[in-house]
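Written out below as structure tokens is the structure these notes cover.
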Amino acid sequence: MSGMSGAVALNTFREAVRDRVLYNLILFALLMIGAAVLVGQISIGIERLVIINLGLSAISVFGLVMAIFIGVGLVYKEIEKRTLYSLLARPVRRWEFLVGKYVGLLLTLVVNILLMSVGLAAALFAVGRPLLRSDLSILTAIYFIVLELALVIAVAIFFSCFSTPMLSALFTLAIYIAGVFAWEIRDFGALVHSPAVHLAVRVVYYTLPNFHNFNIIAAVGHAERVPFSLIWQNTLYALLYVTLLLLASATVFSRSNLK
Amino acid sequence: MALPVIEILGLTKDFPTGFWRKRMRRSLDGLTLAVEEGEIFGFLGPNGAGKTTTLKLLMGLIFPTAGTAHILGRSIDDTQMHREIGYLPEQPYFYDYLTARELLDYYARFFGYGAAERRQRVARMLERVGLADAGGVQLRKFSKGMLQRVGIAQAILHDPRVIFLDEPMSGLDPIGRREVRDIILGLKRQGRTVFFSTHILSDAEMICDRVGVLHLGKLRGVGAPGEILSMESHGMEILFEMRAGRALPADLLPRAAQTGQRYRIEVPEAELYGVLEQLRDCEARILSLAPVRPSLEDYFLRLVESPAATPAVEEPVR
């Protein structure tokens, strides 16, 4: 990442902090405290499962909401408020600006997720359960959430380069939902006999980002081991997809007329 | 002969209008212009004339439909050229969650200055635009005039050789306008080139070496403010008093404006001596005799009122 992108990224992070984006952590903390108190009373022997499932799901949902709703406004807001004018009058290339905005939001989410993870660990500790070696897979699940959100931000930024925040949010959400059900789309293709439809479904399946592979919350809840191959495959997949999406965004954005 | 600092050749910009049936509206039409090093160049025109479009094209914020432009000999597509230029957008808006000091520090980072250098520059700029005491205040608490000053500070923060200012006096009170004029004149003394758009003609008249008048996307005239004025047909204004019991000649009466004992009359230069003789004959007391200098404002208004008028001065490339 260039120094230009770094400066933009730090400012994006600062903006998020000053816009009180991290206030969602209070809600998360309340949720965790409530859950810890509640499972202590109603569940026998499944505290770990409930807390892990609830905690990781909350981290994922909170992150997703932030990634979509901040992501779609990242570029649009700078154009709409014309703050981009002064910035692009400096020796900053448009792609450097885009990468900076992307990294800035990713940094915001990573910090957010790290703090929520501490909350999750505290909740697990509160229900009186010793930490086990298998709990390391919780970290893997959190890492996958980061990868998933890295991909969601890239999708949101791509749409925001040529669309309004409202439409971009809808498109990004639609892509996310379709991506979560990517396997179902593939299976649907297998049921159809028409070669044309089969081909179309395969194209859609391979084009859509596959979010299904990032979700290992249920497996982690049951203390299942996460294969190492999945970790590097997911990492590579997210890296490749994010790079392609940022390249596409930069291509669109580099020739667009600002208002 | 030195290359012009700003060289614009046939710059044209069309914008699509309409939702269903897209049509193109020409916002800038074949602008050709050159600005020399060290000049203060005023870019005049009413709202919608194409001034901001021109500046946005030069800054690479929008892309031309046709034509090219070079700044300091480098294409406007060259981002590195931006190290040498500064830009104040029209009605600037900055990140309002930052303080003025943080904003300038942020912009200074793009030029690779170290922390100490950035601190010094930011402090110097805040002092220069009269915001030394407001450096720690968030921009959301700034008035429009203060934001304009921050805008000027960020435009000259890195000592650029060419400075583009879009309506720099807009939103400022008379004192603020004078301060901005002083800053611009100070930049000229340092050998900088300043290209600024304005519709406040008196400001342009006061400080510009040359002005260009843009109307409906077309350049209607370029020249020194005085040069543009000298193109107008001048007359003379005579101010005089009549002695008691003396009457003004009947043919002058309809042309004279009376205030008490005093009369004011405007005559074409060709008739001047004839009228003066008439006044001498009736023992009028001449108080003053001055050329009627149409202001740039008059010139400007005439252009606006007659869009099809032939350009008064056409000097596209020097």
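Protein chains in written order, with my numbering: chain Z, 1 to 259; chain U, 260 to 577. Quick reminder that beta carbons are idealized off the backbone N, C-alpha and C, glycines included.
Residues of chain U with CB under 9 Å from Gly3(Z), in chain order?
-> Arg368, Phe369, Gly371
Leaving out the 5 sequence neighbours to the left and right, which residues in its chain are closer than 6 Å to Arg577(U) when beta-carbon positions are compared?
-> The predicted model places Arg577(U) with a pLDDT of 37, which falls under 50 and marks its position as unreliable; any figure quoted below should be read in that light. Result list for Arg577(U): Ala293, in chain order.
For Gln397(U), the residue or residues it bridges with in DSSP = Thr358(U)
Within 10 angstroms of its Cβ, does Asp288(U) collect 16 or more other Cβ (buried), or is it exposed?
-> buried
Just checking, does the segment 432-447 of chain U make contact with the segment 366-375 of chain U on the three C-beta pairs under 8 Å criterion?
-> no
Are there 16 or more other CB atoms within 10 angstroms of the CB of Asn257(Z), so buried, or fewer, so exposed?
-> exposed
Can you find a C-beta in chain U that's less than 8 Å from the C-beta of Arg93(Z)?
-> yes
When Met116(Z), Leu64(Z), Val204(Z), Pro91(Z) are compared against Ser31(Z), the one with the closest alpha-carbon | The sequence given here places Leu at residue 31(Z); Ser does not occur at that position. Of Met116(Z), Leu64(Z), Val204(Z), Pro91(Z), the residue nearest in Cα terms is Met116(Z).
Comparing the C-beta of Arg285(U) with each C-beta of chain Z, is any distance below 8 Å?
-> no
Return the chain-ordered list of same chain residues with a C-beta closer than 6 Å to the C-beta of Glu349(U), the five sequence neighbours on each side being excluded.
-> Thr311, Asp425, Glu426
In chain order, each beta strand (DSSP E) run of at least 3 residues that lies wholly inside the segment 298-338 of chain U = 299-303, 325-330
Buried or exposed by the 16-neighbour rule on C-beta atoms within 10 Å, applied to Met283(U) = exposed
Apply the 10 Å Cβ neighbour rule to Met4(Z) and answer buried if 16 or more other Cβ atoms are within range, or exposed otherwise.
-> buried
Are the C-beta atoms of Gln413(U) and some chain Z residue less than 8 Å apart?
-> yes
At a Cβ cut of 7 Å, what residues of the segment 527-555 of chain U count as close to chain Z, listed as they run along the chain?
-> none
Closest to Ala412(U) by CA distance: which of Met318(U), Glu343(U), Lys400(U), Arg380(U) is it?
-> Arg380(U)
Quick one: is Arg82(Z) near chain U, going by C-beta distance under 8 Å?
-> yes
Integer-rounded CB distance, given that Met318(U) should sit under 8 Å from Tyr354(U) = Going by Cβ atoms, the distance from Tyr354(U) to Met318(U) rounds to 19 Å, so no, they are not a contact pair.
Residue nearest to His474(U) in terms of C-alpha spacing, selected from Leu331(U), Leu270(U), Ser286(U) = Ser286(U)
Excluding the 5 residues preceding and the 5 following Leu316(U) in the sequence, name in chain order all residues of the same chain whose CB lies nearer than 8 Å to its CB.
-> Leu270, Lys272, Leu287, Phe322, Pro323, Ala328, Ile335
Take Ala549(U) as the anchor and find which of Ala506(U), Gly504(U), Phe499(U), Ala503(U) has the nearest alpha-carbon.
-> Phe499(U)
Taking only runs of the alpha helix (DSSP H) that begin and end inside the segment 24-53 of chain Z, which ones reach a length of at least 4 residues, in chain order?
-> 24-42
May I ask you to check if the CB of Cys541(U) is nearer than 7 Å to at least one heavy atom of the ligand FAD?
-> Absence of the ligand FAD is noted for the structure shown, with no ligands found whatsoever.
Below 8 Å between beta carbons: does that hold for Val201(Z) and Gly189(Z)?
-> yes
Is DSSP giving Met465(U) helix, strand or coil here?
-> helix
If you check the beta carbons only, do Met66(Z) and Asn11(Z) fall under 8 Å apart?
-> no
Count the other CB atoms, across all protein chains shown, that sit within 10 Å of the CB of Asp392(U); report buried if there are 16 or more and exposed otherwise.
-> exposed
CB of Leu105(Z) within 8 Å of CB of Ile70(Z), strictly | yes
Return the chain-ordered ranges of every alpha helix (DSSP H) run that is complete within the segment 390-457 of chain U and spans a minimum of 4 residues.
-> 403-415, 433-448
Which first and last residues belong to the alpha helix (DSSP H) in which Lys101(Z) is found?
-> 94-126
Between Asp19(Z) and Thr276(U), what straight-line distance do the alpha-carbon atoms span, to the nearest angstrom?
-> 36 Å
Run through DSSP, which three-state label would Asp540(U) get?
-> helix
Expressed to the nearest angstrom, what Euclidean distance is found between the alpha-carbon atoms of Leu538(U) and Gly450(U)?
-> 52 Å
Got a sec: which bits of the segment 450-465 of chain U sit with their beta carbon under 7 Å from any beta carbon on chain Z, in order along the chain?
-> none
Shortest alpha-carbon distance to Gly301(U) belongs to which of Gln339(U), Ala414(U), Met465(U)?
-> Met465(U)
In the segment 325-340 of chain U, which residues sit with their C-beta less than 9 Å from some C-beta in chain Z, listed in chain order?
-> Thr338, Gln339, Met340
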